[in-house]
Structures are given as C-alpha cells and as structure tokens.
Amino acid sequence: ESTNFIGGDLYTITVDDSGHIAVQYNDQSDMNFVQSFHYYEGAEGNNKVYENRSSGAYIFRPKTSEIHNFVYERDYTIVKGPLVEEIHQNVNEWISQVVRVYKQEERIEFEWLIGPIPIDDKQGKEIVTKYTSNLNSNGEFYTDSNGRETLKRKRDHRPTWNLRLYEPIAGNYYPVTTKMYLKDKNKPLKFSVFTDRSQGGTSMKNGELELMIHRRLLNDDAFGVGEALNEVAYNTGLVVRGIHYVYGGNTKNLDAFTLKEKKLTLELALRPSIFVTPLTQTNIDNWR
Amino acid sequence: EKELEQFREAMGVMQHHDAVTGTEKQLVADDYARLLYENVFNNENIAAKSIYKWSNQENSTLEWKTYSCLELNISSCVYTENSSDFAVIIYNSQSQPVSTYVRLPVNGNSYEVLDSTDNVKIVSQIVPIPERVLQIPGRESKATKELVFRVNDLPPLGYKAYEISAKSDMKEETLG
C-alpha cells in the first residue's frame, strides 16, 4: 500500500519538504515538532593560551556560534506491519536513521546511525540532532545532569551570578545522563527526550531540544589525554548507532505522565538481556 | 565465584573516570573494550547456570549452552541468523515487570514465535535492516532482516522463554 506517513492513531509522522521528520500529535494538545541533524565545526588552535584551546575529548568548543545544516537527500522508505511502523531515512552518505512507532507504545523512537564523519576538509565536526517543538519554553529547559537530580536550566543564565557568555553554544551545553525536557510557559504541555547513553544537550531557542550524538576532532585540547578525539576502527572513523525516545503531551494528569516517563527512562537504561540457544527438531523436546 | 570475581574486577576498572567519560587514550580504550568483551563473554556461563537453577535443571545431565548476542547494536547475531530453530531467553534486570519489544537479526522471511512460558503463539513481524546498517565497517553479519515481537509482562528479576522456528517453506533457504 502506497503511504507517506507513519504513527498509528497517536501521531502523523512525515518527511517534510526539506527532508526533516515532521511529527503532528493527533490529540487535543496541538503539539508538533520537527527533527533535524546539524553540525558544529570544532575549534582548533595551538593551546598556548585559553583563547587558542582546541575542542577535544574534555571540552566542546565550536569554532563559531554558527550551526551548520545538512543538505538532505530525499531518500526514504516506509515499513508498516502489525507491530511496528518505520521510516528508514538516508540524510546523506554518512547520516541515516530509523523513525519508529510501536503498537501499544506512546513513545517515538529515533534510531540514528552516524559516521564515519568525513575529515577530508581537515575540519573536525560535532554532530547534533535537534527537536524543534511548538512549545513556548521561555528560555528554560531541564536536564537530569548526574542522573539523580533534575535541574532547571535557563539559557544564558546562572542562578548565582551575572553571566556574560563569550561562547554562547558551549556555555549553554549541559550533561544529560538519561533525559532532558521542556515545559510550555502557558499550557500544561511537556516535551521530553530520553537518551540511551550520556550526552551533552541544550536548548538554544524556545521549544528546541538539542543533543550531541557524535564527534570527530583533529586536535588535542591540552587537558591531559594528549590525543585528538579522532577514533578510528577498520581504517576509518567510528560509526555510532543509538536511540532517542521522544515522549510528550498534556500533563493535566501529572502523576500518570511522570510514571510513564520513569518507565521509559528505565526501559532505555536497563534493557533486558537476551540469551539464545540454537535448537534442532530432535532436541527441542528436551529443551522444553 | 571465580567467574563472577573476574566480572567484578572488570566493573571496578570501568568505574575509572576516564572509562566513564571516554577521555582515555586510544590504546586504553582498546584495552577497556577487550576487558568488557572477555568478561561479558564469560558471563554466558554464569547466565546458563542461573537459568538451569531457575528451571530446576541444576542436576540435569542435559548440556545446554546459552549464548549472548553482543552485536545486537549493529543488528548482528550469529546464533539467530544461522539457525532456523532457536530458543530465546529474555531476562529482566529491573525490580518491576516490563513489557518490551525484541528485535532479532534473521535471514528468513517468515517465523513462528511461541511464548514457551504461556505456550501460545504470538504475533511477529519481519522488518528489513536499513542498507546503511549492512554497510557498517567491520559488520560481518549475513542478516538482512529483523524479527520483531512483543514480550509482555516480563517478571521482575525474572525471565521468559520463546521458541522461534522458520516456517517450513523457508527452512531450507534459511539453513542454506
């Protein structure tokens, strides 16, 4: 059957004209968001003085505050079945993803595959994914920082001193151990992203959540490791594959909403273990 | 205890701040990968013994080997993609019940999935593995599809078992 969307009853998920993933909630919340990939160019210098310190294993420091966009290939396929619906999307030669909605599950999965990051132009790159929602977050967002205590963050702000940021991107990045989220200023709406590993994240514009998912850098940052973060396997840069769960909606019933969020966090962090035993027709009864 | 001790030692090393944050030198990263692999691989024996114990087969003379699929993150598992019949044991390490979806790399086009705990056939779906995953450097898997099924109500700190068999018209092709 020819189709151009997935999402079951809960969502309408399509690929928009620019190639980004567009999600419309099919409930009363009127929520929507767009997911897209971008990158920063890593700073490079001689590390002699602070101003010349490179981006590396210990620090994220983009060369400029400019976020770069990718030109998307219009290349995607849709898979639908009784249990799961998926969009398989190729963004360019080294970025692709599967967007997925399972039956009986309210989350949307983004399973990204990034790398090897090309360095033919001798430029280190730091790849991010952005979820741009229609929530009015008023410059505030929340990160679980150390995995225990979720803290409110405010863009370009520190609670105990007057802040003047000379590097606004790096200065607004915070640790995300398992989740980050936004709340709407006026409506009872919440928009959360759950990670399968620790990442760095920010919200540079209202309604936006941004997470860094892969980096390949060509200079040491002089904090001790003495190597550039330029990991190589099989004679090429590393390929990373991981998952974000996106979950959001109306928080009028806050207890139920929070309970679902807690389950999602644990589900992604403590996934079940799988063990396999090959069988033959002669030994299957014994196995039973 | 001996096998567990090695596992504990590896876990101890992995708590070093460089291992947690990834700020170790590349040679050290390679050594961490070796340590993790060796000990998770050894853990197969511990897991098999636990499953024997739970199924009251501790003193059985039957020899069953359970294998871990350490490359499921790149949709690769030699035991599921090269067998037309296999059993899967799914263990829940959380202290609360969990329902989840399982994805296993396979070669065939159609499978039957039997929930051995409740003895009922369950719905499954075959999904193609994206082309870019098949091209990941170093991936040696033959699997081009994943078998997806839902695991309902995994007990806390417990397991459920599933029998999976390629449908008969597919068997020859899968084994071939």
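If you're matching them up, the sequences are chains A and B in order. Plus 15 on top of the position in the first sequence (first one is 1) and you've got our numbering. Plus 6 on top of the position in the second sequence (first one is 1) and you've got our numbering. Glycine residues also receive a C-beta, built at the ideal position from the N, C-alpha and C atoms.
Report, in whole angstroms, the separation of the C-beta atoms of residue i and residue j, which I expect to be a contact under 8 angstroms.
i: A/Pro-203; j: A/Lys-118; result: That belief does not hold up - the Cβ atoms of A/Pro-203 and A/Lys-118 are roughly 27 angstroms apart, past 8 angstroms.
i: A/Leu-232; j: A/Ser-70; result: 6 angstroms
i: A/Val-208; j: A/Leu-226; result: 7 angstroms
i: A/Ser-152; j: A/Leu-197; result: 4 angstroms
Could you tell me if residue i is buried or exposed, where buried requires 16 or more neighbouring beta carbons within 10 angstroms of its beta carbon?
i: A/Gln-214; result: buried
i: A/Trp-127; result: buried
i: A/Glu-223; result: buried
i: A/Pro-97; result: exposed
i: B/Pro-143; result: exposed
i: B/Glu-44; result: exposed
i: A/Ile-21; result: buried
i: B/Ile-95; result: buried
i: A/Asp-171; result: exposed
i: A/Lys-145; result: buried
i: A/Asn-187; result: buried
i: A/Arg-163; result: exposed
i: B/Ala-16; result: buried
i: B/Gly-182; result: Here B/Gly-182 scores only 48 on pLDDT, less than 50, and its place in the model is too uncertain to base an answer on.
Report the three-state DSSP secondary structure of residue i (helix, strand or coil).
i: A/Arg-230; result: strand
i: B/Ala-35; result: helix
i: B/Ala-167; result: strand
i: B/Ser-74; result: strand
i: B/Val-46; result: helix
i: A/Thr-193; result: coil
i: A/Gly-215; result: strand
i: A/Lys-63; result: coil
i: B/Asn-158; result: strand
i: A/Ala-237; result: coil
i: A/Ser-288; result: strand
i: B/Leu-41; result: helix
Go to residue i, then tell me how far its alpha helix (DSSP H) extends in each direction, as first and last residue.
i: A/Lys-277; result: 269 to 284
i: A/Met-46; result: Neither: A/Met-46 is in no alpha helix (DSSP H) and is coded neither H nor E.
i: B/Arg-207; result: The question about residue 207 of chain B has no answer here: the residues shown for chain B are numbered 7 through 182.
i: A/Asp-300; result: 299 to 302
i: A/Val-106; result: Neither: A/Val-106 is in no alpha helix (DSSP H) and is coded neither H nor E.
i: B/Thr-86; result: 84 to 87
Taking only beta-carbon atoms, is residue i less than 7 angstroms away from chain B?
i: A/Val-86; result: no
i: A/His-103; result: yes
i: A/Tyr-196; result: no
i: A/Ile-289; result: yes
i: A/Thr-251; result: yes
i: A/Tyr-65; result: no
i: A/Leu-226; result: no
i: A/Tyr-73; result: yes
i: A/Gly-96; result: yes
i: A/Glu-242; result: yes
i: A/Thr-292; result: yes
Can you find a C-beta in chain A that's less than 7 angstroms from the C-beta of residue i?
i: B/Ile-135; result: no
i: B/Gly-144; result: yes
i: B/Phe-47; result: no
i: B/Tyr-73; result: yes
i: B/Gly-182; result: Caution is warranted here: a pLDDT of 48 is assigned to B/Gly-182, below 50, making its placement in the model unreliable, and the coordinate value is therefore given only provisionally. No, its Cβ sits nowhere closer than 7 angstroms to a Cβ of chain A.
i: B/Ser-116; result: no
i: B/Trp-70; result: yes
Which residue marks the beginning of the beta strand (DSSP E) containing residue i, and which one marks its end?
i: A/Tyr-157; result: 155 to 158
i: B/Leu-140; result: Run containing B/Leu-140: none in the beta strand (DSSP E); it sits in the alpha helix (DSSP H), 137 to 140.
i: B/His-23; result: Run containing B/His-23: none in the beta strand (DSSP E); it sits in the alpha helix (DSSP H), 23 to 27.
i: A/Gly-144; result: In the sequence as displayed, the identity of residue 144 of chain A is Thr instead of Gly. Run containing A/Thr-144: 140 to 148, per the beta strand (DSSP E) assignment.
i: B/Val-108; result: 104 to 112
i: B/Lys-133; result: A quick correction: the sequence has Val, not Lys, at residue 133 of chain B. Here the beta strand (DSSP E) through B/Val-133 covers 130 to 134.
i: A/Ser-207; result: 204 to 210
i: A/Ile-258; result: 255 to 265
i: B/Val-94; result: 91 to 97
i: A/Trp-176; result: Segment: none, A/Trp-176 is in no beta strand (DSSP E) and carries neither H nor E.
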